[in-house]
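*Asks:*
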Amino acid sequence: MRETATSDADRFLALLRPIERDLETYCRRLIWEPQEAPDALQNAVMRAYAAFDRYHEDASFRAWMFKILTHEAFALNRKHARIARHEFQLEPEELEGLPFAGEPDQGGSRPLSTEALSEVLEPELAAGLKTLTDTERAVLLLRAIGDLRYREIGESLGIPLGSVMGDLSRARQKMRAYIARSTRRANLLEEN
Amino acid sequence: MRCEEVQSLHGPYLDSELGARASLEIEQHLKSCPGCARLFAEEQKLEAGLKAGLARGSRTPALWERIERSVVAAAPTAPRSRPPGRVSEPSGWQALLWGLGEQLRAGLRRSPRAWAGLALVWGVILVLDLTASEPNARLVAGQGIPSVSEIRFAWKQKQLLMADLAFALEPAPAGKSSPAPPGPHSDRQTDNLNT
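Protein sequence lines correspond, in order, to chains Y and W.
Each residue of the first sequence is one higher than the last, beginning at -18 in the working numbering.
Each residue of the second sequence is one higher than the last, beginning at 425 in the working numbering.
#1: Starting from the beta carbon of Ser482(W), find every residue of chain Y whose beta carbon is closer than 8 Å, and list them in chain order.
#2: Let's test the definition: count the other Cβ atoms within 10 Å of the Cβ of Arg426(W) and tell me whether it reaches 16, buried, or not, exposed.
#3: If the criterion is Cβ atoms closer than 8 Å, does the pair Leu106(Y) and Ala54(Y) meet it?
#4: CA-CA distance, Arg493(W) and Glu133(Y)?
#5: Taking Cβ-Cβ distances shorter than 9 Å, what residues in chain W pair up with Gln16(Y)?
#6: Closest to Glu471(W) by CA distance: which of Leu584(W), Asp439(W) and Gly481(W) is it?
#7: List, in order along the chain, the chain Y residues whose C-beta lies closer than 9 Å to that of Ala543(W)?
#8: Return the first residue and the last residue of the alpha helix (DSSP H) that Tyr7(Y) is part of.
#9: Quick one: which residues of the stretch 149 to 170 of chain Y get their C-beta closer than 9 Å to a C-beta of chain W? List them in chain order.
#10: If you compare alpha carbons, which of Val145(Y), Tyr159(Y), Lys155(Y) and Met156(Y) is closest to Glu441(W)?
#11: Going along chain Y in order, which residues have a C-beta closer than 8 Å to the C-beta of Gly435(W)?
#12: Taking 8 Å as the CB-CB limit, is Trp488(W) close to chain Y?
#13: Name, please, each residue of chain C whose Cβ falls closer than 9 Å to the Cβ of Ile549(W).
#14: By Cβ distance below 8 Å, which residues in the same chain neighbour Thr484(W) in space, the five residues on each side in sequence not counted?
#15: Cβ closer than 9 Å: which chain Y residues qualify as neighbours of Val430(W)?
#16: Would you call Glu467(W) buried or exposed, if buried means 16 or more other Cβ atoms sit within 10 Å of its Cβ?
#17: For Lys60(Y), report the span of its alpha helix (DSSP H) as first-last.
#18: How many Å lie between Thr114(Y) and Lys155(Y) at the Cα?
#19: Out of Glu14(Y), Leu102(Y) and Glu38(Y), which one is the CA nearest neighbour of Lys60(Y)?
#20: Which residues in the same chain have their Cβ closer than 6 Å to the Cβ of Thr6(Y), if we skip the five residues on either side of it in sequence?
#21: So what does DSSP say about Thr484(W), is it helix, strand or coil?
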């Protein structure tokens, strides 16, 4: 029996180790209070291990772990009731700054380039994520960091597939709009 | 497919979430529509940049070492350390029994087959005990328990037998003054009286 338990722990850790970095990155971006990320990770891992006998080999361990971690992070966010305080909505004119659909940049500054997005500073990314609702942020991060399928994202959050697509589209638009606005602001500062 | 319809599906298409038929239709449209093809290429680059920025992170070794240790410690039958509360070691026969128990436990831990052997020995002992005690049980059941009157009767018989024996062994009354040969105590008593 002891050998079985040990092998269970070994098997669990063998599945966990390859995704530890992604789990931590996801958690730190999803949770409002950065200092609570270690607790959220530890709680999620222990919950997953406690339920490991109910995990089926044919399911994606990655998706399973991200789902548990999402619930843990949401619980902590709700516990501190900080969602409303952190979230703020973008104005409609800010959404118009999207580079998609070939629209010319309304601000007259340089259009948002791929390089600009990939070199976005960490504070800008963090601030951009705060423009999203909890669900939009989770959908975006589960796709970008978790690399989950739409179906897996829907199962993780308990929302239908159509909502996943809608939230993901809105989240991407908001992030690009925020970054485009930051870029324009930086360009104006350079010109002045 | 019209341009508006194709552009509305750019997200699921680039995320490889569309079915084979829809994907094929979009691919065909992009081949024949340079405008949509350019927009899709730009969209793909932007999404890749955003994804790279969001996925930028690191693993904290100390945190994960702590978490992994917690997992190992939470294993249901993980070997547990002896509780620190026990301060005095057993002595004398307790130490002997403790040592024997430790040896037995260590042996059983090393060889799980020992459990099967132990169970087999107990099984044999149980079978032998049952077969040996079965006739006796029947015998006792057949005899039954004697009643109180039977016990009294047997006790009376024994008393009469003892009385008969005592009467038969009693010597004839030849001389009433012939005392029994004195023992050591009698000697001492006689000496005391004489003095």
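Note that CB positions come from ideal geometry on N, CA and C, so glycine has one too.
*Replies:* Judging by the given coordinates:
#1: For the purposes of this step, residue 482(W) is taken as residue 58 along the second sequence, with counting starting at 1. What Ser482(W) touches in chain Y: Arg2, Glu5 and Thr6.
#2: Your numbering for residue 426(W) matches position 2 in the second sequence. Counting Cβ neighbours within 10 Å, Arg426(W) comes out exposed, since fewer than 16 surround it.
#3: The residue given as residue 106(Y) occupies position 125 in the first sequence. The residue given as residue 54(Y) occupies position 73 in the first sequence. Result no, Cβ atoms of Leu106(Y) and Ala54(Y) do not sit closer than 8 Å.
#4: In the second sequence, the residue the question calls residue 493(W) occupies position 69. In the first sequence, the residue the question calls residue 133(Y) occupies position 152. If you take the alpha carbons of Arg493(W) and Glu133(Y), they lie about 29 Å apart.
#5: On the first sequence, position 35 is the one that residue 16(Y) refers to. Here the premise fails: no neighbours, minimum Cβ distance about 12 Å.
#6: Counting from one through the second sequence, the residue named residue 471(W) turns up at place 47. Of the listed residues, the one whose Cα sits closest to Glu471(W) is Asp439(W).
#7: Along the second sequence, read from residue 1 onward, the residue named residue 543(W) stands at position 119. Under the 9 Å cutoff, chain Y gives no residues; its nearest Cβ is about 16 Å from Ala543(W).
#8: The residue labelled residue 7(Y) in the question sits at position 26 within the first sequence. Run containing Tyr7(Y): Glu1 to Leu11, per the alpha helix (DSSP H) assignment.
#9: Leu149, Ser150, Arg153, Met156, Arg157 and Ile160
#10: What you label residue 441(W) is simply residue 17 of the second sequence in a count that begins at 1. When each option's Cα is compared against that of Glu441(W), the closest is Val145(Y).
#11: Stepping through the second sequence from its first residue, residue 435(W) is reached at position 11. Within chain Y, the residues near Gly435(W) are Met146, Leu149, Ser150 and Arg153.
#12: On the second sequence, residue 488(W) is found 64 positions in, with the first residue counted as 1. Answer yes: the Cβ-Cβ gap between Trp488(W) and chain Y drops below 8 Å somewhere.
#13: Absent from the structure: chain C. Protein chains present are Y and W.
#14: Here the question's residue 484(W) lines up with position 60 in the second sequence. Closer than 8 Å at the Cβ level, and outside the excluded window around Thr484(W), lies no residue.
#15: For this step, residue 430(W) is matched to residue 6 along the second sequence. Correct list: empty, because the minimum Cβ distance to chain Y is about 12 Å.
#16: Taking the second sequence and counting its residues from 1, the one referred to as residue 467(W) is at position 43. Glu467(W) comes out buried.
#17: Position 79 of the first sequence, counting from 1, holds the residue named residue 60(Y). Unbroken alpha helix (DSSP H) run through Lys60(Y): Phe42 to His61.
#18: Position 133 of the first sequence, counted from the start, is the residue given in the question as residue 114(Y). Position 174 of the first sequence, counted from the start, is the residue given in the question as residue 155(Y). The alpha-carbon atoms of Thr114(Y) and Lys155(Y) are separated by roughly 10 Å.
#19: What you label residue 60(Y) is simply residue 79 of the first sequence in a count that begins at 1. Closest option to Lys60(Y), Cα to Cα, is Glu14(Y).
#20: Start at 1 with the first residue of the first sequence, and residue 6(Y) comes out as number 25. Hits under 6 Å: Ile126.
#21: Taking the second sequence and counting its residues from 1, one reaches residue 484(W) at position 60. DSSP places Thr484(W) in coil when its eight states are reduced to three.
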